[in-house]
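According to this note's numbering, the sequence shown holds residues 120 to 566 in order.
Glycine included, C-beta positions come from ideal geometry on N, C-alpha and C.
The structure under discussion appears below in the form of C-alpha cells.
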Amino acid sequence: MTTTAIDLGASVKVPPFHVGKVIVASSIGNALEWYDFLVYGFFAPVIATQFFPISDPRVSLLFAVGSFGISFVARPLGAIVFGRYADRRGRRPALTLSIVLMALGTFTISVMPPYATAGYLAPLLVVLARLVQGLAVGGEFGSATAFMVEQGSAHRGFYSSWQFASQGLATIASAGASSIVASTLTTDQLESWGWRIPLVLGLLIVPVGFYIRRYLDESPEFVRASIVDHPEAEHQQPRFGSQWRNLLVATGVVAQSTASTYVLQLYIPTYATRELGLPIAQSFGVVVLGGTLQLLLTPVVGSLSDRFGRIKIMLPATLVLMVLVYPIFYALNESRSTASLVTLLAFGGIMKACYSGPMPALISEMFPVRSRSTALSLSYNVGVTIFGGFAPLIITWMIGITGDKLAPSYYVLCAALISCLSLSVLSAKSRQRSATHTNHAQNQSAS
Numbered sequence: 120m121t122t123t124a125i126d127l128g129a130s131v132k133v134p135p136f137h138v139g140k141v142i143v144a145s146s147i148g149n150a151l152e153w154y155d156f157l158v159y160g161f162f163a164p165v166i167a168t169q170f171f172p173i174s175d176p177r178v179s180l181l182f183a184v185g186s187f188g189i190s191f192v193a194r195p196l197g198a199i200v201f202g203r204y205a206d207r208r209g210r211r212p213a214l215t216l217s218i219v220l221m222a223l224g225t226f227t228i229s230v231m232p233p234y235a236t237a238g239y240l241a242p243l244l245v246v247l248a249r250l251v252q253g254l255a256v257g258g259e260f261g262s263a264t265a266f267m268v269e270q271g272s273a274h275r276g277f278y279s280s281w282q283f284a285s286q287g288l289a290t291i292a293s294a295g296a297s298s299i300v301a302s303t304l305t306t307d308q309l310e311s312w313g314w315r316i317p318l319v320l321g322l323l324i325v326p327v328g329f330y331i332r333r334y335l336d337e338s339p340e341f342v343r344a345s346i347v348d349h350p351e352a353e354h355q356q357p358r359f360g361s362q363w364r365n366l367l368v369a370t371g372v373v374a375q376s377t378a379s380t381y382v383l384q385l386y387i388p389t390y391a392t393r394e395l396g397l398p399i400a401q402s403f404g405v406v407v408l409g410g411t412l413q414l415l416l417t418p419v420v421g422s423l424s425d426r427f428g429r430i431k432i433m434l435p436a437t438l439v440l441m442v443l444v445y446p447i448f449y450a451l452n453e454s455r456s457t458a459s460l461v462t463l464l465a466f467g468g469i470m471k472a473c474y475s476g477p478m479p480a481l482i483s484e485m486f487p488v489r490s491r492s493t494a495l496s497l498s499y500n501v502g503v504t505i506f507g508g509f510a511p512l513i514i515t516w517m518i519g520i521t522g523d524k525l526a527p528s529y530y531v532l533c534a535a536l537i538s539c540l541s542l543s544v545l546s547a548k549s550r551q552r553s554a555t556h557t558n559h560a561q562n563q564s565a566s
C-alpha cells in the first residue's frame, strides 16, 4: 500500500501574503459549514418541536437529530461529484460552487415555516435543504484541503490545519450566538423564532467567502500536475480505483476526529440539558471554551507535525483519549456541575487539536495530485457519515434504550480504537518503506 504520493510541487515557493489569502478562502467555507451544522445541532430539541411535533419528546428529538444526520447520506455523492470536478477543472471553481449551495440550504432552513403552518411540507423541505447542504459539503473538505496543501510541501501540516482551526472559530461563533439568543429571549420566543437568528447571522459571511474564492489563483501543484502542461504526469500517477486500500485506511483515520467533534462539541448542549439538567445557555457558553482551544492549538500542532511527523503526534493523542474519555464522562455524570462540563470540553478541545491538526496533511500525502481532491473528499465524508453524522441519533437511541448516560464515552472510545488501528497500519507501512529505502541505498553503496 502506497502511503506517500508523488509530489510534483515540492519546489513551489508561494509568497506569504498569498498563503494568507489561501488559508482564509479555504477555511471560510469550512467555517460556514460547521457554524450551520453546530447551530442546527445545538437547537435540535427546539427544531424537534417546530418541525417534528410528536407526543413523545424523545421520539421527536430522534426525528430532529435524524434530519441532521440525513444530510450525510448525500455527502459521499457530493464527494465524488465535487471531487472529480475539482481534480479536472481545479480547486477554485469547486470551492466557489460549494459555498453557494451551502448558503442556499442554510437560507431555506432559516426561513422555513413550522409544521403548524406548512404541515408535512415543512419537515420535507428541511430534509431536502439538509441534503443540498450535504451534497455541497461533500466536496468542500477535499477541495479546500487540497488547495491548502498544494501551496508548498514544507508547511503542509500548518496550512491544512486551518481546516480544523476554522471549526474552532465556527464553534466559538455558533455557541456564542446561540448562548446570547438563549439567555436574552424567553423560552416561547426562542422556540418560535429565536433559533433562526444564529442561522441568519451565519449567512452574512457568504458574500465575503464567495468574493474571496472567486478571485483566487489555482493551486501551484495542481497547475504543475496538469496533464495539459505535463502529459507525462498522466503515466506517473496511479488511477483513482487503485487507491481503495488507502481510502479505507484514511476513512479509519477520520473516525476519531469526527466522533470527537460531533459528540464532544455538537451533542454536548443537548446532552447537558436533556440528560444532566444543566441550563442551555450555560452549556453553549462552555462549548466556546473547547472551540477556543481548538482554534488556538490546531495550527500550532499542525506546524509541529511538519517538524516531528504526523503519526508521532496523532497516535499518542489517540491513546490519551481512549484512557481518559470514560473517567471524565463518569465524573460529569456524578457531579452534574459546570466545572465538570468545563473539564470535558477543555479535554475535548485539546485532544481535537492534537489529533486533527496533522490529520489533513497526513491524508493528503496518501494520494497523488490528480486524484487528491476526490480521494480526500470521499475518505473524509464516508468517515464523517459513518462516525459523525448519525452520532447524536445513535447516542440518543442508546441512552433511551439502555438508560446508560455514559453512552457518549463508549461511542468516542470505539471511534478512537478504529483510528488507533488505522494509524498503526500507516506507521508500520512507513517503517517498512524506510527499511526498504535504507537497504536499497546500502546495496547501491556496496556495488
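For Tyr529, does the three-state DSSP call read helix, strand or coil?
-> helix
Does the Cβ of Leu385 have 16 or more other Cβ atoms within 10 Å, making it buried, or fewer, making it exposed?
-> It counts as buried.
Would you list, in sequence order, the uninterrupted alpha helix (DSSP H) runs of no fewer than 4 residues that lie entirely inside the region 222-280?
-> 234-237, 240-268
Count the CB pairs spanning the region 280-287 and the region 140-160 that are closer than 8 Å, and state whether there are at least three.
-> yes
Please report how far the alpha carbon of Phe266 lies from the alpha carbon of Leu244, in whole angstroms.
-> Phe266 and Leu244 have their C-alpha atoms roughly 33 Å apart.
Looking only at C-alpha atoms, which of Gly197, Met231, Ser459, Thr290 sits nearest to Leu250?
-> Scanning Gly197, Met231, Ser459, Thr290 for the CA closest to the CA of Leu250 turns up Gly197.
Where Glu340 falls, given that 16 or more other Cβ within 10 Å makes a residue buried = buried
Return the Cβ separation of Ala510 and Leu412 in integer angstroms, given the expectation that the two are a contact with Cβ distance under 8 Å.
-> At roughly 21 Å, the Cβ-Cβ gap does not stay under 8 Å, so Ala510 and Leu412 are not in contact.
From what residue to what residue does the alpha helix (DSSP H) around Trp516 run?
-> For Trp516, the uninterrupted alpha helix (DSSP H) segment begins and ends at 510-521.
When DSSP labels each residue in this structure, what does Gly396 get in the three-state scheme?
-> coil
Out of Ile432, Thr389, Gly257, state which residue places its alpha-carbon closest to the alpha-carbon of Ile199.
-> Gly257
Count the other CB atoms, across all protein chains shown, that sit within 10 Å of the CB of Leu438; report buried if there are 16 or more and exposed otherwise.
-> exposed
Sufficient close CB pairs (3 or more, under 8 Å) joining the region 518-526 to the region 443-453 = Contact holds: three or more Cβ-Cβ distances are below 8 Å.
Are Leu163 and Thr389 closer than 8 Å when you measure CB to CB?
-> Sequence check: residue 163 is Ala here, not Leu. Taking 8 Å as the Cβ cut-off, Ala163 and Thr389 qualify as a contacting pair.
Mind pulling the beta strand (DSSP E) runs of 3 or more residues that sit fully within the region 309-338?
-> None, since the region 309-338 contains no complete beta strand (DSSP E) of that length.
Would you kindly check if the distance between the Cβ of Val501 and the Cβ of Thr370 is under 8 Å?
-> Taking the C-beta atoms as reference points, Val501 is found nearer than 8 Å to Thr370.
Apart from the five residues just before and just after Leu414, which ones in its own chain have a Cβ nearer than 6 Å to its Cβ?
-> Ala284, Gly287, Leu288
With a cut-off of 8 Å, do at least 3 Cβ pairs link the region 289-299 to the region 388-406?
-> yes
Nonlocal neighbours in the same chain, by C-beta distance under 8 Å from Val461, ignoring five residues either side | Val405, Leu408
Mark Gln252 as exposed unless 16 or more other C-beta atoms lie within 10 angstroms of its C-beta, in which case mark it buried.
-> buried
Consult DSSP for Phe182 and reduce its assignment to one of helix, strand or coil.
-> In the structure shown, the three-state DSSP call for Phe182 is helix.
Contact check, Gly276 vs Gly421, beta carbons under 8 Å | Inclusion of Gly276 and Gly421 in the CB contact set at 8 Å is warranted, their separation being smaller than that value.
Closest Cα partner of Phe191 within the set Phe226, Leu247, Val488, Tyr234 = Leu247
Leu322 vs Phe226 beta-carbon contact at 8 Å = yes
Nearest-angstrom Cα separation, counted from Pro487 out to Arg210 | 14 Å
For Phe329, which of Ser145, Val319, Leu423 has the nearest alpha-carbon?
-> Ser145
Taking the alpha carbon of Glu310 as the point to measure from, which residue in Ala222, Tyr234, Gly202 has its own alpha carbon closest?
-> The residue from Ala222, Tyr234, Gly202 with its alpha-carbon nearest to that of Glu310 is Tyr234.
The alpha helix (DSSP H) with Lys524 in it runs from where to where?
-> Neither: Lys524 is in no alpha helix (DSSP H) and is coded neither H nor E.
Is there contact between the region 503-518 and the region 527-537, where contact requires at least three CB pairs shorter than 8 Å?
-> yes
Helix, strand or coil at Thr305 [DSSP, three-state] = Thr305 carries a coil assignment under DSSP once its states are collapsed to helix, strand and coil.
Could you give the DSSP three-state label for Arg429: helix, strand or coil?
-> coil
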